[in-house]
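Colleague: Here's a structure for you.
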Amino acid sequence: MKLKIIIFTIISLLFSKLVTAETAPGFSSWDEVVKAADGGQVNVYMWGGSDAINGFVDDFYGVPLKEKYNITLNRVPLKGTVDAVNQVLSEKEAGVTGDGGSIDLIWINGENFWTLKQANLLYGPFAAGLPNSEFVAWDNPAVNLDFGRPVDGMESPWSSAQFHFMYDSARSNYDDMPRSYAELSDWISSNPGRFTYIRPGKGGFVGTRFVKQIFFELSGGQEQWVGPFNQDLYDKWAPKVWELLNSWENDLWRGGETYPKDNAEMHSLFANGEVDLDFTQSPRGAGPTNTAGTTPPTSRAFAFYENMIGDFNYWAIPYNAPNKAAALVYANLVLEPELQAAQVQPANGFCCGWGISTAKVTDAAGKAAIADAQNNLGDAAEDQNILAKALVSDIAAEYQDLIEADWEANVLLK
Amino acid sequence: MSDLKIIKLVKNFVGMDRPAVNNVNLKINSGELVAFLGPSGCGKTTILKMITGLFAPDNGDIVLDNKSLLPIPTEKRGVVMVFQNYLLFPYMNVNENVGFALKMKGIDKNVIEKKVREMLDLVKLPDIGFRRPKQLSGGQQQRVALARALIASPRLLLLDEPLSNLDAHLRDEMRDLIVTIQKELNVTTIFVTHDQEEAVLLADKIALIFDGELQNYTSPKNYYEQPKNIKAAKFFGGVNFIKSKKINNEFISDIGKINYVGENINDLNDEINITVRPENIKLSKTNDFDHNSFKGNIKSIIFSGTHTRYKIIINNLELECSLQSLGIKNINQGDEIFVHLPKDKIWGMND
Amino acid sequence: MGGERLKIILSLTPPLLIIITLFFGGIFYGFLQSLGYQPAIGKYDINFSAYYNVMFSERYSKLFWTGLGLNLWVSFASTFLAAVFALFGALAIRKTFFAKTVCNFIYSLNLPMPHLVVAVGMIFVFSQSGLLARFASQLGLINSPGDFPVLVRDKYGFGIILAYIWKEAAFFFIILMSVLQSLGENFEELAQSLGANRWQRFRYVILPLVMPNLFSASIIVFAFSFGAYEVPALLGVIYPQMLPVMAFEFFLNPDLNARSEGMALSIIIALIVMILVVFYFWLTQAKIRKD
Amino acid sequence: MNNNLKKINVYAIYLGALILILPLIAFFINAFSFRWFYPQIIPKELSLQAWVRLKLIPKPGQRSIEGFLDLWTSNPAVIKALMNSLTIGILVTIVSIIIALPAARVLGLLNFRFKKLIIFIMVSPTILPPIAFVLGLNINFISLGFSGSFFGVCLVHLVPIMPYVVLTMTGIFANYNPDFEHQARTLGANKTRTFFLITLPAIAPGMVVAALFAFLVSWSQYLLTFLIGAGKVMTLPLLVFSTASSGNPALTAAISIIFIFPAILILFFTSKFVSGESGATSGFGKI
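Residue numbers (our numbering), protein chains in the order written: chain A, 20 to 433; chain B, 155 to 505; chain C, 1271 to 1561; chain D, 226 to 512.
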């Protein structure tokens, strides 16, 4: 353990020397950051809807933060990331500046990030100033664009995720699973009452994603959706999507009278046998929830052959964060190759994938940990080739808002 | 006609080591006003509640007009009870309170109204029909409660401590009212009291109850002159008890031989108590009595207005004597005195 | 006399200060914001457009009016049913019997229970895969969870009503028990001896006697269930949605303009509660006076 | 009463009691089981995993006294929230009692103009929904710097508590005879001694009930803590709410059990005050 600390300090020292030009605003060196962070508390505001992720953050980040940096982790669970955005907006409205705010870090991406970035409510650019930034594939558009919007160093990646499905091998066969929305339509009509999807809306971004993918399939592919928001394109396809969703209604769980609000509710319906399909965002498929005991141990994953949205998620620091130094230390810590490997290991319960490019890791310990994680996918995961082939990136944030409002008007309240 | 017979009535309560009511037999004639007298907790209210049907007896029977009451539910017995604290329904005005029983029978409103007015006249409370119970005095509440009980012409009226919550001056008034109404309506009535004076003043007959057992059931006058036992005598103010042995038709006691001519002489056991009321004892400085005259000493003198009480020790026995204060001759503490127990005023009891 | 007055003023000031500044101050500021007056983001105009938006705009009117309907239904139904259950429970339980103390304790158990926990408990017991559904399935009454009636997270608010009954029945129960105990059974015995049967004793004696207490307790319960957030947030569906949940969602919207709508909605909720309570008060007082 | 009817009555009561504690039973099964899914009635896998994940019980193999101590001193989120809830509850209760005492005395013993109006103002927070004032208060608290602070949360908790405490204690003073104090003063006790020897013992039972209720109101508070605490002041209800929406019933049940424990304890100790004829319930009735 001591050796690791020494190696770690040496590495970070080296980096602080190398990237001095790029340190975060307000600090002249990484050393200074670490020193300023010593003895403080870091207030981490993150969506708390998965106890697996909550536990992972407490165990894998809380402990080293305390032991190596003497920083106390205060994880604040949110119902939706928008709560944190709202808090920053309220503070702005009330004129709280400097380090008078309450939030140090927000787990964020997409529209929420865009809202804060546009309103100049973020601290940075800081991402490139983190020593571990060297592992991040900043040249990859999937990383440097967030929902099609430039990141500009105002947030630093944590992990990645890809939408796909779960089924229970005790109840259904892998071979019978639908592989496209067209097949899903048939599956729903031959299994009435056994399917539902998460309501697109607050806390239900997975549901929004599920609906977005319908746009891709009906319009013949995701490519035309990349780039800036296109109202005409949306208007052309939206009615057809609502038509499809409405055609399912009678065969949905509870006749489409209501929908689960978030993935947790969906897992519970699936685990208790109320529905037969579930959504997952984890490259490990059903592994994380199987470990946590929120889905039956016989749960497995499958993906459509096309249009499965994947994305990166990030950490951002508000302009008035009370302890920016500790926030930087935290954002750097999560990019440690060994911790990245840990977040991929099914046994640790975190449901997301790599935030770094594993190819960029050079030290032996990191490489070993990465290799071990990659060999240890578990039997609850979908074939990684199928996932990779189906992978598409997310699209401009405006679509999300529009889909949520229109779904409510055209499907829920229709 | 409503003759009430109480036959071998028994009631036990969980957690009590003796029966609350033990083998009580009683007959009340139609139109009589009977008092159940006894200290609190003696079981008199329990008997009342068994007559109303609020308690079911463990054994025995209650018969009204030769028909057992027991199978009949309370509300159909025609037995009405007036509770000690009147219990006027606070959310109803006087008219509604009095008319309650008729409303329960589903009687026409106009009829009820007329009956209520009659009843309020009877208890001498016209013109207060729209007041609320809170606005009435204690005496008025008692009368409303009485009117409410009488409106349905009950076969039997039960009054639980009807006078105990009233001020002294109201009591006399209320007592007269109860007697007048009872005689006027000729309703068989039982009332419960712990106050022997009240019982004596009101009742035709008194049932004396101790520890759930009926001690004595007779007219008030007899309780003073011919009590059945020491307990009964004590309850009516008896203080003088002389233990005596019957030997060859003579009664021998600590103070000497007693000449006894009471009518129960043949029913008496060998060991009895002889009692005499303080006001029946005569005193004299000289021995001028022809029988039952004993010599003692004055222990104490208490002047209490019209009467003066003397305590006299005769051969270790203490007797109390009450004389009219007027015309007393010079008797002082410690004086030697002759005590006379007139043979027609003494009474022997087996226990 | 002057000293007395000073004493009264000094004693009453601290709690009044808290209530007036924090409570009424909060409502007043919320009202200002609902009118669009938000100096922090440079808005000084005053208008009722937020109220109009919430109640009549195409986007929200359907949500608002269905939500209001749900609110009224849930509050009335849960208040009434909780009072009825508590009344029968209290009437049954006040007579002595075996394990009375234990039952008494269990019937009061939900009083100190936080609403949140009661709501979670309802999910555990009444959901389509909850404890009751499992019993039903073991007994062969249902084949799959879908056959079990939808009692939690349903559009009629049954789950919310159940949670409120669970919780508030205990509140009614404790109040009723204490009233019944202090009244004793004499009034009923008296009425019985005056010829009142079981139903008449309930209707003409017990009910009017406990009514004043039942009435004040039901105002609290009604007002609470009308404006509370936690239970409908956990047990409600996304449509129709109870008004407090809707107001809170508005408030959490990152668009600061939506805040005016949130404030407007919460002021509307407060106003409705006030009107209903006054109306209810007037109605029951009139009834009590008539009786 | 008819005996059969009586029996049916009693069985109905038992059945009611059983239904009432069903949720509680579900909590306990959930908290000590793993993968307790439909249609199992009795869980297949009993487990302490929920408690391990909440860091209240160490992982298997470390369950020694040191293991427990190490774990608990590492300040896990549940214990932190528990301590926060307790501290806020106790602090707020004490403050509210101290503030309410003189006011309740005046309201209970004296008659004066505007008394009804003042009582109406005091009870208004029990009638009007908290959402109506806390949304407006939020911005003010943020600009005053109270938001996200312990102090701010305590302050805002006083609002729903104040009416209960004032009313309960007013009820006590309405049945209180100040002549006892006058008697003590004529016998030579000074003001302080009179308060501690006469007033306090007389109002203590009612005050205890008021205090326990005040504590419970603070203990169960979700919305106010959430908005004013801004996530920085983590209390048990916030934890319960977020766990309840994170979809692990075992964790939710375990936290809920911790959350309701003091509540049940309080009921146990107050049931004799509450069910009897006491000022506390009449205080509620007066609202």
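Quick reminder that beta carbons are idealized off the backbone N, C-alpha and C, glycines included.
Looking at the C-beta of Gly-377(D), does it have a partner C-beta in chain A at a distance below 8 Å?
Modeller: no
Colleague: If you measure from the beta carbon of Glu-1531(C) to each beta carbon in chain B, is any gap under 8 Å?
Modeller: no
Colleague: Buried or exposed: where does Phe-1549(C) fall if 16 or more other Cβ atoms within 10 Å of its Cβ makes it buried?
Modeller: exposed
Colleague: Who are the Cβ neighbours of Glu-186(B) in its own chain at under 7 Å, not counting the five residues just before and after it?
Modeller: Thr-342, Asp-358 and Lys-359
Colleague: Just verifying my parser: in three-state terms, what is the DSSP assignment at Lys-1365(C)?
Modeller: coil
Colleague: In angstroms with no decimal places, state the Cα-to-Cα distance between Phe-289(A) and Pro-211(A).
Modeller: Spanning the alpha carbons of Phe-289(A) and Pro-211(A) requires a straight line of approximately 15 Å.
Colleague: Would Asp-165(A) and Tyr-333(A) be called neighbours here (beta carbons separated by less than 8 Å)?
Modeller: yes
Colleague: Taking 8 Å as the CB-CB cut-off, is Phe-509(D) touching chain C?
Modeller: Because Phe-509(D) carries a pLDDT of 40, less than 50, the predicted location of this residue cannot be relied on, and the following value inherits that uncertainty. It does: the Cβ of Phe-509(D) has a partner Cβ on chain C nearer than 8 Å.
Colleague: Residue ranges of each alpha helix (DSSP H) run of no fewer than 4 residues wholly in the region 274-336 of chain A, ordered along the chain?
Modeller: 282-290 and 306-311
Colleague: Can you have a look at Glu-284(A) and say buried or exposed, based on whether 16 or more other CB atoms are within 10 angstroms of its CB?
Modeller: buried
Colleague: Looking at Leu-97(A) and Trp-66(A), is the spacing between their C-beta atoms short of 8 Å?
Modeller: yes
Colleague: What does the alpha-carbon distance come out to for the pair Phe-1294(C) and Gly-1359(C)?
Modeller: 38 Å
Colleague: Distance, Cα to Cα, Phe-509(D) vs Asn-340(B)?
Modeller: In this predicted model, Phe-509(D) has a pLDDT of only 40, less than 50, meaning its place in the structure is not dependable; the value taken from the coordinates is given anyway. Rounded to whole angstroms, Phe-509(D) to Asn-340(B) spans 50 Å at the Cα level.
Colleague: Give the DSSP-derived three-state secondary structure of Ala-40(A) in the structure shown.
Modeller: Model confidence at Ala-40(A) stands at a pLDDT of 45, short of 50, so the residue's coordinates are unreliable and nothing is read from them.
Colleague: For the pair the region 161-169 of chain B and the region 153-171 of chain A, tell me if three or more CB-CB distances fall below 8 Å.
Modeller: no
Colleague: Should the region 1459-1470 of chain C be regarded as contacting the region 251-270 of chain B, the criterion being three or more beta carbon pairs within less than 8 Å?
Modeller: yes
Colleague: Give me the chain C residues within the contact set of Pro-430(D), using Cβ-Cβ distance strictly less than 9 Å, ordered along the chain.
Modeller: Residues of chain C whose Cβ lies closer than 9 Å to the Cβ of Pro-430(D) do not exist; the shortest such Cβ separation is about 14 Å.
Colleague: Indicate whether at least one CB of chain C lies closer than 8 Å to the CB of Val-234(B).
Modeller: Closer than 8 Å to the CB of Val-234(B) there is at least one CB belonging to chain C.
Colleague: If we count the other Cβ atoms within 10 Å of its Cβ and call it buried at 16 or more, is Ser-289(D) buried or exposed?
Modeller: exposed
Colleague: Could one say the Cβ of Glu-1500(C) lies closer than 8 Å to chain D's Cβ atoms, at least one of them?
Modeller: yes
Colleague: Please classify Leu-410(A) as buried or exposed, where buried requires at least 16 neighbouring CB atoms within 10 angstroms.
Modeller: buried
Colleague: Rounded to whole angstroms, what is the Cα-Cα separation between His-382(D) and Val-317(D)?
Modeller: Roughly 7 Å between the two C-alpha positions.
Colleague: Using a Cβ cut-off of 7 Å, which residues of the region 1432-1459 of chain C contact any Cβ in chain B, in chain order?
Modeller: Asn-1456, Phe-1457 and Glu-1459
Colleague: Are the CB atoms of Ala-409(D) and Ile-423(D) within a distance shorter than 8 Å?
Modeller: yes
Colleague: If you follow the alpha helix (DSSP H) that Leu-124(A) is in, where does it begin and where does it stop?
Modeller: First-last for Leu-124(A): 124-127, but that is the beta strand (DSSP E), not the alpha helix (DSSP H).
Colleague: Suppose the cutoff is 7 Å on Cβ atoms and the five residues either side in sequence are ignored; what does the same chain contact list for Ser-1399(C) look like?
Modeller: Pro-1415
Colleague: So, for Lys-385(B): in the same chain, excluding its five sequence neighbours on each side, which residues have a beta-carbon less than 7 Å away from its beta-carbon?
Modeller: Phe-364 and Gln-369
Colleague: Restricting to runs no shorter than 3 residues, where is the beta strand (DSSP E) found entirely within the region 206-276 of chain A?
Modeller: Entirely contained in the region 206-276 of chain A, not one beta strand (DSSP E) run reaches 3 residues.
Colleague: Please state the DSSP three-state secondary structure of Phe-182(A).
Modeller: coil
Colleague: Assign Arg-1329(C) to one of three DSSP states: helix, strand, or coil.
Modeller: coil
Colleague: Check the Cβ-Cβ distances between Ala-56(A) and every residue of chain D, and say whether any is below 8 Å.
Modeller: no
Colleague: List the residues of chain A whose Cβ lies closer than 9 Å to the Cβ of Val-1420(C), in chain order.
Modeller: Arg-273, Glu-276 and Thr-277
Colleague: Pull out every residue of the region 94-112 of chain A whose Cβ sits closer than 9 Å to any Cβ of chain D, in chain order.
Modeller: Arg-94, Val-95, Pro-96, Leu-97, Lys-98, Asp-102, Ala-103, Gln-106, Ser-109, Glu-110 and Glu-112
Colleague: Keeping to the same chain, check which residues put their C-beta closer than 8 Å to that of Ile-375(A); ignore five residues upstream and five downstream.
Modeller: Asn-151, Phe-154, Val-155, Ala-156, Pro-176, Leu-354, Pro-356 and Gln-359
Colleague: Taking a cut of 7 Å between CB atoms, which residues from the region 205-229 of chain B lie near chain C?
Modeller: Residues of the region 205-229 of chain B with a C-beta atom less than 7 Å from some C-beta of chain C are Thr-206, Leu-208, Thr-228 and Glu-229, listed in chain order.
Colleague: In whole angstroms, give me the CA-to-CA distance for Val-433(D) and Gly-195(B).
Modeller: 36 Å
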